[in-house]
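Below: one structure, written as structure tokens.
Residue numbers (the numbering used here): 2 to 289.
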């Protein structure tokens, strides 16, 4: 991480952990939007220079109490079932129901559904930064975002598809790290204001078939150019149809899109939520 972490006190039990979290700030614009054309394959020379010259921040945003994170190593629901239908794996208690948690709590989405797919790019080098900025790949959201995603995914599954995640909640300290690497508001939201990803209300997604074959969306994730724009129609009919299904379904379940990124969706009710800096644990698989 690029700034000091004062630690987040935890209260652990057999089945759940609740973590007091987050750095609170006013909202700001989200995303990594480009109006001026595609970022060439790999870094541009200017971005490479920024990376070579960058130094670690020593400052840290002022922290304050915002909410809680809830999670467990329990199994998710049956893909077509509801959260209340879950049964935990042998010896592992299931997580609390979404209905028992406040809307602003953070939860690990995989604890509440087995019906999603994950390709969390920022935990790998396979992203436009060409550097992993997460210590491990997990998809956390606030509870209200999770409910909307579960509803949307049920509709997608009825059409023979499911959601694949590229990014979910993003700690604000990671936003600072990304800004260090590429300090350009066309590609990275300014961390001082934060993004809706930092609020737990934004996701970067695509669709795949139920057997895991990704749908053709015309570009890869984080392609910064006109072909990634919703209003770019010089694309094969199949691509336009895939984007239409994704956009219309997400919008019908409470999300809104940004014009320049076909993959990015914000929950409408998340705009005024505080920026957070909850960091998820990376030892879950060792404990499961």
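For glycine and all other residues, C-beta sits at the position ideal for the given N, C-alpha and C.
| Item | Value |
| --- | --- |
| For residue 197, which residues in the same chain have their Cβ closer than 6 angstroms to its Cβ, ignoring the five residues on either side in sequence? | 31, 203, 267 and 271 |
| From the DSSP output, in three-state form, read off residue 246 for me. | helix |
| Does the beta-carbon of residue 188, which I'm using as the reference point, lie nearer than 6 angstroms to any heavy atom of the ligand COA? | Inclusion of the ligand COA in the displayed structure is not the case, the ligand content being empty and no account of it being possible. |
| How long is the line joining the alpha carbons of residue 98 and residue 159, rounded to whole angstroms? | 24 angstroms |
| Using the Cα positions of residue 113 and residue 229, report the straight-line distance between them to the nearest angstrom. | 31 angstroms |
| Rounding to the nearest angstrom, what Cα-Cα distance links residue 178 and residue 141 in this structure? | 19 angstroms |
| Using the rule of at least 16 other Cβ atoms within 10 Å of the residue's Cβ for burial, across every protein chain shown, is residue 73 buried or exposed? | Here the model assigns residue 73 a pLDDT of 35, short of 50, so the residue's position is not dependable, and the following value carries that caveat. Classification for residue 73: buried. |
| Would you tell me roughly how many angstroms separate the C-alpha atoms of residue 211 and residue 103, rounded to the nearest one? | 31 angstroms |
| On the premise that residue 164 lies in contact with residue 173, defined as a C-beta separation below 8 angstroms, what is that separation, rounded to the nearest angstrom? | In fact, because the Cβ distance is near 24 angstroms, the residues do not count as touching under 8 angstroms. |
| Spatial neighbours of residue 254 within its chain, please: CB distance less than 6 angstroms, with the 5 preceding and 5 following residues excluded, ordered by chain position. | 149, 152 and 153 |
| My guess is that residue 222 and residue 122 are in contact by the Cβ rule of under 8 angstroms, so how many angstroms apart are they, rounded? | 6 angstroms |
| Could you give the distance in angstroms between the alpha-carbon of residue 234 and the alpha-carbon of residue 261? | 13 angstroms |
| If I measure Cβ to Cβ from residue 157 and keep anything under 7 angstroms in the same chain, skipping five residues before and after, which residues do I get? | 163, 164, 208 and 250 |
| For residue 1, I'd like the list of residues in its chain whose CB is within less than 6 angstroms of its CB, leaving aside the five on either flank, ordered along the chain. | There is no way to answer for residue 1, as the model of the chain reaches only from 2 to 289. |
| Which of the three DSSP states is assigned to residue 168 in this structure? | strand |
| In this structure, does DSSP put residue 146 in helix, strand or coil? | helix |
| Smallest Cα separation from residue 110: which of 188, 128 and 145? | 145 |
| Could you give the distance in angstroms between the alpha-carbon of residue 245 and the alpha-carbon of residue 206? | 14 angstroms |
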